[in-house]
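My numbering numbers the first residue of the sequence shown as 1 and each following residue consecutively. Notes for the one structure printed next.
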Amino acid sequence: MPASATIDTKLVVISHDCDLVHVSYEVEPYVEFFVARLKPDTARDGRLFNGKNPRRYQFFAEDSGARRLYEVDVHEKYRIPRRTLEGGSRDHTITINSEDVRNLGKWAMRRYHRPSLPTAFLNRVSSAAKSKMSKRLEREGEDVLGVYLGLNSVEELRDGEPYRIIIRVVVSADASDDEVREMRAISIVAEVQKLLAQCPDISVEDGDVVSETDFSMYDMRRMVKWDFDYLSPEETVREEG
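As structure tokens, then:
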């Protein structure tokens with residue numbers, strides 16, 4: 001048990017089902033888990049939902065009949081002997097929905113495998129633009145599954161050589177079917193377009209909101225997902241401090 005765990009924390013096991021119940025403790029000797037910390041609803045941050053941030057993940061869970069906010073930090077990952085599970089049982093007072101279960105697994109994997117944007121491009125995005133985008137997504141980004149960029153080049157271009165980009169803000173199917181939530185997402189992409197277009201040597205050629213049902217594997221392969229920590233100056237300061 002991690003020393004930092006308290007009564008307000010839950011341990012979320014991260015394992016393939018087959019590995020968790022494998023007959024051999026020699027083949028699968030360990031089990032890994034994250035520490036999920038209870039947060040007040042006022043700490044809800046739209047940038048941290050759906051795995052958009054590679055270091056922190058927020059989700060709501062049904063906890064003792066109430067909807068509660070939890071947060072996982074990728075650095076609070078632990079490994080214990082799998083035999084330890086024989087002395088306990090699953091906590092049936094809390095339920096995580098199936099979508100967050102899948103997303104947590106993908107999020108854990110992205111720690112070691114995620115695309116990157118050219119440093120030259122990131123340096124061209126002004127601090128003011130980052131701050132405004134970050135604050136907007138913090139307030140209203142819960143429905144956003146990812147911000148994807150298509151660039152004319154993934155190379156480090158010299159000053160005066162513009163990055164020409166297209167933007168796709170991918171939202172959940174539920175959000176795309178709800179007029180109010182869809183209009184909120186359209187407003188987000190319009191602001192992102194405007195802010196990036198004001199940055200030097202960045203030319204925004206197109207921007208749109210896309211439902212997850214319409215965003216294809218081909219789209220994912222040709223575009224780069226923009227991790228939200230690159231939008232957040234305060235996140236960088238928090239981590240470096």
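From the three backbone atoms N, C-alpha and C, an ideal C-beta is built for every residue, glycine too. Owing to the predicted nature of the structure, the values given are computational and were not obtained by experimental measurement.
Check: Can you look up Y218 in the DSSP assignment and give me helix, strand or coil?; Outcome: helix
Check: Alpha carbon to alpha carbon, how far is K194 from E242? Give it in angstroms, no decimals.; Outcome: Examination of residue 242 is not possible in this model, given that the chain is present from 1 through 241 alone.
Check: Just to confirm my understanding: we take F34, look at its own chain, exclude 5 residues before and 5 after, and list those with CB closer than 7 Å. What are they?; Outcome: V12, I14, V72, E76, K77
Check: When burial is assigned at 16 or more other CB atoms within 10 Å of the CB, is R184 buried or exposed?; Outcome: buried
Check: Do E191 and R136 have their C-beta atoms closer together than 8 Å?; Outcome: yes
Check: Using CA atoms only, rank isn't needed, just tell me which of M223, V125, I188 is closest to C199.; Outcome: V125
Check: Quick check on T119: does DSSP put it in helix, strand or coil?; Outcome: helix
Check: Taking D91 as the reference, which of D63, P118, R68 has the closest Cα?; Outcome: D63
Check: Output yes or no for whether 8 Å exceeds the beta carbon distance between N97 and N50.; Outcome: no
Check: Check for me: the beta strand (DSSP E) holding S127 runs from which residue to which?; Outcome: Counting along the chain, S127 falls outside any beta strand (DSSP E), though it belongs to the alpha helix (DSSP H) covering 127 to 140.
Check: How far does the beta strand (DSSP E) with F171 in it reach, from first residue to last?; Outcome: Per the sequence shown, residue 171 should be read as Val rather than Phe. Unbroken beta strand (DSSP E) run through V171: 163 to 171.
Check: Just the C-alpha distance for L157 and R164, rounded to the nearest angstrom, thanks.; Outcome: 11 Å
Check: So, T213 versus A173, is the Cβ gap smaller than 8 Å?; Outcome: yes
Check: Could you pull out every residue in the same chain whose Cβ sits closer than 8 Å to the Cβ of V171, ignoring the five residues on either side in sequence?; Outcome: D143, V144, L145, R181, E182, A185, V209, V210, S211, E212
Check: Taking all protein chains shown into account, do 16 or more other C-beta atoms lie within 10 angstroms of the C-beta of S134, making it buried, or fewer, making it exposed?; Outcome: buried
Check: Pick helix, strand or coil for L151, following the three-state DSSP scheme.; Outcome: strand
Check: What first and last residue would you give for the beta strand (DSSP E) that runs through E191?; Outcome: Per DSSP, E191 belongs to no beta strand (DSSP E); it is in the alpha helix (DSSP H), 179 to 197.
Check: Is the beta carbon of L48 closer than 8 Å to that of Y243?; Outcome: Since the displayed the chain opens at 1 and closes at 241, residue 243 lies outside it and no answer follows.
Check: State the start and end residues of the unbroken beta strand (DSSP E) segment that holds E71.; Outcome: 66 to 81
Check: What's the call for Y25, buried or exposed, on a 16-neighbour Cβ count within 10 Å?; Outcome: exposed
Check: With a threshold of 6 Å on Cβ separation, who are the neighbours of I166 within its own chain once the five nearest residues in sequence on each side are excluded?; Outcome: G150, E205, D206
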